[in-house]
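The listed protein sequences correspond, in order, to chains B and S.
In this text, residue positions in the first sequence follow our numbering: the first is 1, and each later residue adds one.
In this text, residue positions in the second sequence follow our numbering: the first is 217, and each later residue adds one.
Note that CB positions come from ideal geometry on N, CA and C, so glycine has one too.
The structure appears below as structure tokens.
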Amino acid sequence: MKAFWMLGTLLLSAAGPALRAQAPPAPIEIKLAHGDAAETQTRDQLLRLLRTYDLNPWIFTRTLIIDSSPRTVPHSHPVLTLSTRHIKDDDLLLSTFVHENLHHFLVQNREKTEAAKKELHAVFPKVPVGYPDGADSEDSGYEHLIVCYLEYRADKEIWGEQRAFQAVQFWMSDHYRWIYRQLLEAGYQIGPIVQKNGLIPGAPSEKPAANPHSSQ
Amino acid sequence: MKKVYGTVLLSAIALTLTSTPSLQAAERANVGQWEFTSTVDGAAKTRTYCITPTQVKGINGDAQADQAFLEKGAAARHCTIKDFKLEGNTLSYTQVCAGYTFSDRTTYSGDSSEGVLTTKMDGKAAVVTHMKGRRLGACK
């Protein structure tokens with residue numbers, strides 16, 4: 001891809017609850033893959049949302065790319081990348097932004113994540129693999145049960161139950177369909193596992209695992 | 217699985233459309249295309265739904281039926297309904313789930329509704345959603 005980066009930065013003015021005892025968060029660096037109108041609009045939309053809501057509890061990477069290429073699927077690694085698909089829907093853009101950040105959160109808490117995935121495997125011995133119901137692999141399916149649960153939880157904290165439910169309803173008909181459906185049908189089973197393993201961002205027990213071999 | 221999913225969907229619609237005995241002679245919620253605008257912290261979001269006769273059955277029942285309907289939907293998510301109340305044209309209840317509660321207090325008429333929904337996650341500040349609904353016409 002041609003290296004044409006448009007750079008936008010946002011200095012978040014206030015630290016979120018999870019970061020209160022730490023230094024102010026670093027700026028978020030937003031790069032545009034092509035610098036076209038759709039990417040610029042999505043960047044401005046995201047910056048507006050970051051000003052409107054305190055998303056610090058769910059930000060775990062400070063660099064992201066917005067890419068209008070038709071084949072772009074939002075992803076977390078190596079660099080969080082968003083598409084321009086949700087220009088007309090703030091809630092879905094914000095939900096996607098949080099979702100991809102949560103993957104970084106799980107990488108930063110790898111041991112806890114693996115423990116939670118193991119427990120989820122016991123509850124859900126089989127998970128679908130592949131679009132549109134599942135993730136790319138079985139392992140990724142279990143990780144997405146955690147990520148999507150945390151995404152729904154974050155949405156509830158940001159907008160409340162009703163709008164969070166609407167977002168989940170949309171995703172249930174779009175992608176990871178089986179996974180999102182589990183949030184409604186089996187959230188009562190997923191939640192305690194996520195919580196027990198210390199994977200609630202900002203919760204008092206939440207601390208990155210003391211793992212010298214962690215990728216962070 | 218599909219049955220539970222359907223129940224969940226109906227439950228969500230019921231959260232915004234359940235009405236009062238005083239309107240029972242007409243309809244609490246008329247079938248058709250509805251538009252709901254929810255506002256949180258000044259940011260509004262509008263979505264439309266087609267409310268079908270089957271769904272309205274669970275909405276236009278008597279108080280006991282409405283409560284039972286909500287309780288059934290909540291139970292599917294391992295939640296409970298508390299403080300169910302009908303006062304004039306206003307319905308209120310609280311859905312209690314593991315880790316959070318969701319309260320709804322809404323005033324209704326057959327083709328419109330207006331209410332306040334409050335989500336309280338454990339250890340977090342409450343999120344207040346102002347919700348306005350109106351019937352647009354027949355389902356598209």
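Task: S/Lys301 vs S/Thr317 beta-carbon contact at 8 Å - done: No, they are not a contact pair.
TODO: Report yes or no: is there a C-beta of chain S within less than 8 Å of the C-beta of B/Lys156?
DONE: So, interface residue.
Open item on the list: In whole angstroms, give me the CA-to-CA distance for B/Pro25 and S/Lys356.
Closed with: Whole-angstrom Cα-Cα distance: 47 Å.
Open item on the list: Could you tell me the alpha carbon to alpha carbon distance between B/Gln195 and S/Gln280, rounded to whole angstroms?
Closed with: Distance from the CA atom of B/Gln195 to the CA atom of S/Gln280, rounded to whole angstroms, is 36 Å.
Task: Among S/Ser319, S/Leu333, S/Gln271, S/Ala290, nearest to S/Trp250 - alpha-carbon criterion - done: Between S/Trp250 and the set S/Ser319, S/Leu333, S/Gln271, S/Ala290, the nearest pair of CA atoms involves S/Gln271.
- [ ] Assuming B/Leu82 contacts B/Thr96 (C-beta within less than 8 Å), just tell me the rounded distance between them.
- [x] Yes, B/Leu82 and B/Thr96 are in contact; Cβ-Cβ is about 6 Å, under 8 Å.
Task: When B/Pro192, B/Tyr176, B/Arg181 are compared against B/Asp74, the one with the closest alpha-carbon - done: Correcting the residue identity first, residue 74 of chain B is Pro in this sequence and not Asp. Nearest C-alpha to B/Pro74: B/Tyr176.
TODO: Look at B/Thr113 and B/Leu199 and say whether their C-beta atoms are less than 8 Å apart.
DONE: Their beta carbons are under 8 Å apart, which means B/Thr113 touches B/Leu199 by this criterion.
Open item on the list: By the three-class DSSP mapping on this structure, what secondary structure does S/Ser328 have?
Closed with: In the three-state scheme derived from DSSP, where H, G and I count as helix and E and B as strand, S/Ser328 is classed as strand.
TODO: Could you check the C-alpha separation between B/Ala37 and S/Ile297 for me, to the nearest Å?
DONE: Near 48 Å, if we compare the C-alpha coordinates of S/Ile297 and B/Ala37.
- [ ] Run the CB neighbour count on B/Tyr131, radius 10 Å, all protein chains shown included, and call it buried at 16 or more, exposed below.
- [x] Here B/Tyr131 is exposed: its Cβ has fewer than 16 other Cβ atoms, across all protein chains shown, within 10 Å.
Open item on the list: Taking 8 Å as the threshold (beta carbon to beta carbon), is S/Thr335 in contact with chain B?
Closed with: By this cut-off, S/Thr335 is an interface position.
TODO: Count the other CB atoms, across all protein chains shown, that sit within 10 Å of the CB of B/Val127; report buried if there are 16 or more and exposed otherwise.
DONE: Burial is judged here by how many other beta carbons sit within 10 angstroms of a residue's own beta carbon; B/Val127 has at least 16 and is buried.
Task: 6 Å Cβ shell around S/Cys348 - same chain, five flanking residues per side excluded - done: In the sequence as displayed, the identity of residue 348 of chain S is Lys instead of Cys. Within the same chain, Cβ atoms closer than 6 Å to the Cβ of S/Lys348 are found at Thr253, Glu330, the five residues on either side in sequence being excluded.
Open item on the list: Is it the case that the segment 37-49 of chain B contacts the segment 61-72 of chain B, given that we only count it when at least three CB pairs across the two stretches are under 8 Å?
Closed with: Result yes; three or more Cβ-Cβ pairs closer than 8 Å.
Open item on the list: Please classify B/Val123 as buried or exposed, where buried requires at least 16 other C-beta atoms within 10 Å of its C-beta.
Closed with: Counting Cβ neighbours within 10 Å, B/Val123 comes out exposed, since fewer than 16 surround it.
Open item on the list: Taking only three categories from DSSP, how would you classify S/Glu251?
Closed with: Residue state, collapsed to three classes: strand.
TODO: Give a yes or no on whether the C-beta atoms belonging to B/Trp159 and S/Val343 are separated by under 8 Å.
DONE: The answer is yes: Cβ separation under 8 Å.
Task: As assigned by DSSP and simplified to three states, the class of B/Ile59 - done: Coil.
TODO: Tell me whether S/Thr317 sits in a helix, a strand or coil according to DSSP, three-state version.
DONE: In the structure shown, the three-state DSSP call for S/Thr317 is strand.
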